[in-house]
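The structure appears below as structure tokens.
Numbering (the working numbering), first residue to last: 1229 to 1420.
So, in structure tokens, the structure goes:
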């Protein structure tokens, strides 16, 4: 059985969707949800679904190696970022190279990089006059939003769209595709 750990910072709707998707899978499940915010809604969502949910602070993530130790103790096979805003430290990237993925709410390489997340991304897409947006699922490396692209899905930017209407369309793509891409990656890991 492949074990997934989710890193999230916010409300956790993507994390909840992934947990539910894998709840009936025979070959994989979400084992753990970690958050850098002690009051993050994602911790409550995960716990309500029977998944271990833990908070960690900056020192545990960047300095002490505590988060890496927890990942290894729990047998994490794939580390999935779902609305997680901190930069992943090199020691975790080295330990999980090729096994850390992120979802970005735009079509990378445009509208990515430090500080580009959530509504900021949708605002930038609208301000640029784009006719389409979408999602990018990519590997995580030592630079923000620069890892190899695994999958992209597109949606139109419609006349009259605002940040909220565009975000809603992008979220629909996230919920539809992220769990399936995770499942496919885990199956590829089995084949290696």
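From the three backbone atoms N, C-alpha and C, an ideal C-beta is built for every residue, glycine too. The model shown is predicted, which means the values in this text are computed figures rather than measured ones.
Residue environment for residue 1233: buried (at least 16 other C-beta atoms within 10 angstroms of its C-beta).
Nearest to residue 1303 by C-alpha distance, out of 1317, 1259, 1394, is 1259.
Rounded to the nearest angstrom, the gap between the Cα atoms of residue 1405 and residue 1254 is 19 angstroms. Residue 1331 is not a Cβ neighbour of residue 1307, given a cutoff of 7 angstroms. With a threshold of 16 other beta carbon atoms within 10 Å, residue 1283 falls short and is exposed. The alpha-carbon separation between residue 1245 and residue 1403 amounts to approximately 6 angstroms. For the 7 angstroms CB-CB criterion, residue 1275 and residue 1281 form a contact. Counted as a single uninterrupted DSSP element, the stretch harbouring residue 1325 is not any alpha helix (DSSP H), since DSSP gives it neither H nor E. Closest in alpha carbon position to residue 1241, among 1341, 1316, 1400, 1285, is 1400.
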